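A.B. asks:
Put into structure tokens, the structure is as follows:
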């Protein structure tokens, strides 16, 4: 048996905290333009990336996220 048949494909869940005034506009434009992005990415709009409480990041990991992106 090869290792490729024994392992599942890793599909990480990514949570993105995006600033309403900067990076969220790009994510929104991608949606309006009907561009596709991976279904394993969850985008959360926040008023400002500087206001993301570290507990939000910890909670995302506790709830099963494999990665967290804080983008301004």
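In our numbering, the protein residues as written are 19 to 90.
Note that the Cβ used here is the ideal one computed from N, Cα and C, for glycine as well.
Treat the numbers as computed from the prediction; the structure is a model and nothing was measured.
Using 10 angstroms around the beta-carbon of residue 36, count the other beta-carbons present and answer buried if the total reaches 16, otherwise exposed.
C.D. replies: Taking the first residue of the chain shown as 1, we reach residue 36 at position 18. Classification of residue 36: buried, given that the 10 Å Cβ count is 16 or more.
A.B. asks: Give me the Cα-Cα distance between residue 59 and residue 33, rounded to the nearest whole angstrom.
C.D. replies: Numbered from its first residue, the chain shown carries residue 59 at position 41. Numbered from its first residue, the chain shown carries residue 33 at position 15. Computed Cα separation, rounded: 6 Å.
A.B. asks: Round the Cβ separation of residue 63 and residue 38 to the nearest angstrom and send it over; I've been treating them as touching at under 8 Å.
C.D. replies: The residue given as residue 63 occupies position 45 in the chain shown. The residue given as residue 38 occupies position 20 in the chain shown. Residue 63 to residue 38, Cβ: 5 Å. Contact.
A.B. asks: Counting only runs of 4+ residues fully inside the stretch 21 to 75, write out the alpha helix (DSSP H) ranges in chain order.
C.D. replies: Taking only runs of at least 4 residues, the alpha helix (DSSP H) segments lying wholly in the stretch 21 to 75 are 21 to 24 and 41 to 50.
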